[in-house]
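> First, the structure itself, so that you have it in front of you.
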Amino acid sequence: MDANGYHEPVLAAEIPDLLVRMPGVYVDGTLGGGGHSRRILEELFRKGFGGQSLLIGIDQDDRALEAAGKRLASFEGNIVLVKGNFGDLRSIVLRVCRERQMAPSLAGMLLDLGVSSAQIDSPERGFSYLHHGPLDMRMDSETVRSAADIVNTMSERELANLFFRYGEEPRSRSIARDIVEYRDRQGPILRTETLAGLIRQREPRQDRVIRTLSRIFQAVRIEVNHELDVLAAALEESAAMLSPGGRLAIISYHSLEDRMVKCFFATRARSDWGPRGVGLREPVRKAEFRIVTRKPVSAGEQEISSNPRARSARLRILEKLAEGEADDLT
Ligand SMILES: C[S@@+](CC[C@H](N)C(=O)[O-])C[C@H]1O[C@@H](n2cnc3c(N)ncnc32)[C@H](O)[C@@H]1O
């Protein structure tokens, strides 16, 4: 781990190899400490593409931008770091490319979803049930609603739905009931340890406690940061902005995200043959993309042993086909 709390990035060797195929504009939509960006930039130079390439690094967390700025200082002429949300990809890329007089078409785009080790390991950010801290969980400090706002203002029914939808938590109703009873008796829940304590009481089986805590904290974090909505927007916008041969790489860490990415890729890589049984010789719409990773790429045992977070990582890659390359058989 470096001085800013950032781990070596997950799948650090695979990303540059699978993403960097040509010169052009690359976007790292989840810049974090800049670990993946650095690997991408090194690969661009190694392949001789450096002089014609630009990397746009986006993060909504000021601290991440500061850490990445230091780590990437030697690539000054090839990077633009932007405070923003990858859900606003299109407007960010259009603005930067206009300023740089480059075509706003992407040779590669990376999303390494979720929170960084630096965020999780900072108790004052309130992301972790392992630390005592304010119940915050905002990646962008300007986000209006914190985790405490959500936990203390949603009704019992809304909380149960949230835990079920975004945490896939089987005890969603009873945990929601405990939270509302606690609020009524003792006042608002403002600390991570208070929320974690309530969940621990409800889950009698010690072997299940950690999974329940992870699911509930995950659900609240997704809601605070609108994670699935911005992912849906970014998938659409990045696919629309890829150049022919350009690649979109997504690393996800839980099944909700991974399912969304998998379905999106499958839909985009399929030709539309119209209603069944019509027997068309040509599809109504030819697939414009191909899936590079038929099965998601996961980390090896060695990487997992040095970075346990890598265990749940799933990398999927989609490529925009060059003109005339559309695969009729998909
Ligand atoms: C898993 S970390 C990425 C680590 C990074 N790949 C590296 O090499 O250090 C995710 C980062 O993405 C940022 N992030 C998550 N969702 C975001 C969004 N919708 N828009 C912008 N940044 C986001 C987080 O603030 C965090 O810094």
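Note that my numbering has the sequence shown beginning at 651, numbered continuously upward.
Note that beta-carbon positions come from the ideal geometry of N, C-alpha and C, so glycine has one too.
1. Please go through the region 887-915 and give each complete beta strand (DSSP E) segment of 3 or more residues, from N-terminal end onward.
2. Below 8 Å on the Cβ atoms is my contact criterion, and I expect Ser766 with Gly682 to pass it. Report the Cβ-Cβ distance as a whole number of Å.
3. Hey, Ile706 and Ile742 are a contact pair by Cβ (cut 8 Å); roughly how many whole angstroms apart?
4. Within the same chain, show all residues whose beta-carbon is closer than 8 Å to that of Gln602, passing over the 5 residues directly before and after it, in chain order.
5. Does the beta-carbon of Pro659 have 16 or more other beta-carbons within 10 angstroms, so that it is buried, or is it exposed?
6. For Asp834 and Asn802, I'd like the C-alpha separation in whole angstroms.
7. At the level of alpha carbons, what is the spacing between Val746 and Ser888?
8. Does Ile729 come out as helix, strand or coil in the three-state DSSP assignment?
9. Quick check: is any heavy atom of ligand 1 less than 8 Å from the C-beta of Pro820?
10. Is Glu953 near ligand 1, judged by its Cβ being under 8 Å from some heavy atom?
11. Are Glu843 and Gly758 close, meaning C-beta to C-beta below 9 Å?
12. Classify Ile706 as helix, strand or coil using the three-state DSSP reduction.
13. Keeping to the same chain, check which residues put their C-beta closer than 6 Å to that of Arg961; ignore five residues upstream and five downstream.
14. Looking at the unbroken alpha helix (DSSP H) that takes in Lys612, where does it start and where does it end?
15. For ligand 1, is there any heavy atom lying closer than 8 Å to the beta carbon of Asn735?
16. What number of angstroms, rounded off, separates the C-alpha of Trp923 from the C-alpha of Lys936?
17. Should Pro666 be counted as a contact of ligand 1 given a C-beta to heavy atom distance under 8 Å?
18. Which same chain residues, not among the five before or five after Ala846, have their C-beta less than 7 Å away from its C-beta?
19. Can you grab the Cα-Cα spacing for the pair Leu669 / Gly737, in whole Å?
20. Give the range of the alpha helix (DSSP H) segment to which Leu681 is assigned.
21. Can you list the beta strand (DSSP E) stretches of 3 or more residues lying completely in the region 731-816, in chain order?
22. State the Cα-Cα distance for the pair Glu818 and Pro854, rounded to the nearest angstrom.
23. Which stretch, first to last residue, makes up the beta strand (DSSP E) that contains Leu968?
24. For Phe939, which of helix, strand or coil comes out of DSSP?
25. Going by C-alpha to C-alpha distance, which of Ile665, Tyr676 and His686 sits closest to His657?
26. On the DSSP bridge list, what partners appear for Ser835?
27. What residue does the alpha helix (DSSP H) around Glu664 start on, and which one ends it?
28. Which partner residues does Asp922 have in the DSSP bridge list?
Working from what's here:
1. Qualifying beta strand (DSSP E) stretches, in chain order: 892-902.
2. Numbered from 1 along the sequence shown, position 116 holds the residue referred to as residue 766. Numbered from 1 along the sequence shown, position 32 holds the residue referred to as residue 682. Contact flag correct, Cβ pair sits at about 4 Å.
3. To locate residue 706, count along the sequence shown from 1; it is residue 56. To locate residue 742, count along the sequence shown from 1; it is residue 92. About 7 Å separates the CB atoms of Ile706 and Ile742; that is less than 8 Å, so the two are in contact.
4. Residue coverage of the chain in this structure runs from 651 to 980, which leaves residue 602 outside it and unanswerable.
5. Within the sequence shown, residue 659 is the residue found at index 9, counting from 1. With 16 or more Cβ atoms within 10 Å of its Cβ, Pro659 is classed as buried.
6. What you label residue 834 is simply residue 184 of the sequence shown in a count that begins at 1. What you label residue 802 is simply residue 152 of the sequence shown in a count that begins at 1. Between the C-alpha atoms of Asp834 and Asn802 there is a straight-line separation of about 10 Å.
7. To locate residue 746, count along the sequence shown from 1; it is residue 96. To locate residue 888, count along the sequence shown from 1; it is residue 238. Roughly 15 Å between the two C-alpha positions.
8. Counting from 1 along the sequence shown, the entry for residue 729 is found at position 79. Three-state result, Ile729: strand.
9. On the sequence shown, residue 820 is found 170 positions in, with the first residue counted as 1. Every heavy atom of ligand 1 is 8 Å or more from the Cβ of Pro820, so no.
10. Mapped onto the sequence shown, residue 953 falls at position 303. Flag unset: Cβ of Glu953 not near ligand 1.
11. Position 193 of the sequence shown holds residue 843. Position 108 of the sequence shown holds residue 758. Between Glu843 and Gly758, the C-beta gap is not smaller than 9 Å, which leaves the two residues out of contact.
12. On the sequence shown, position 56 is the one that residue 706 refers to. Strand at Ile706.
13. Taking the sequence shown and counting its residues from 1, the one referred to as residue 961 is at position 311. Result list for Arg961: Ile954, in chain order.
14. As displayed, the chain neither begins before 651 nor continues past 980, which places residue 612 out of reach and without an answer.
15. For the purposes of this step, residue 735 is taken as residue 85 along the sequence shown, with counting starting at 1. Within the cutoff, so yes.
16. The count along the sequence shown starts at 1 and reaches residue 923 at position 273. The count along the sequence shown starts at 1 and reaches residue 936 at position 286. Taking the straight line joining both Cα atoms gives about 8 Å.
17. Reading the sequence shown from its first residue, position 16 is the one you call residue 666. False, no ligand heavy atom lies under 8 Å from that Cβ.
18. To locate residue 846, count along the sequence shown from 1; it is residue 196. Cβ neighbours of Ala846 within its own chain (closer than 7 Å, five residues either side excluded): Tyr779 and Leu863.
19. Against the sequence shown, residue 669 aligns to sequence position 19. Against the sequence shown, residue 737 aligns to sequence position 87. Distance between the alpha carbons of Leu669 and Gly737 is about 20 Å.
20. Start at 1 with the first residue of the sequence shown, and residue 681 comes out as number 31. Per DSSP, Leu681 is not a residue of any alpha helix (DSSP H), being assigned neither H nor E.
21. With a minimum length of 3 residues, the continuous beta strand (DSSP E) runs that stay inside the region 731-816 are 756-762.
22. For the purposes of this step, residue 818 is taken as residue 168 along the sequence shown, with counting starting at 1. For the purposes of this step, residue 854 is taken as residue 204 along the sequence shown, with counting starting at 1. Each residue's Cα considered, the two are about 19 Å apart.
23. Translated into the one-based positions of the sequence shown, residue 968 becomes position 318. Residues Arg964 to Lys970.
24. To locate residue 939, count along the sequence shown from 1; it is residue 289. The answer is strand: DSSP assigns Phe939 an E or B state.
25. Against the sequence shown, residue 657 aligns to sequence position 7. Restricting attention to Ile665, Tyr676 and His686, the CA atom closest to the CA of His657 is found in His686.
26. Position 185 of the sequence shown, counting from 1, holds the residue named residue 835. The amino acid at residue 835 is misidentified as Ser; the sequence shows Arg. According to DSSP, Arg835 shares a beta bridge with no other residue.
27. Taking the first residue of the sequence shown as 1, we reach residue 664 at position 14. Run containing Glu664: Glu664 to Leu669, per the alpha helix (DSSP H) assignment.
28. As a first step, residue 922 is located in the sequence shown; it is residue number 272 there, counting from the start. As DSSP reads the structure, Asp922 sits in a beta bridge with Arg935.
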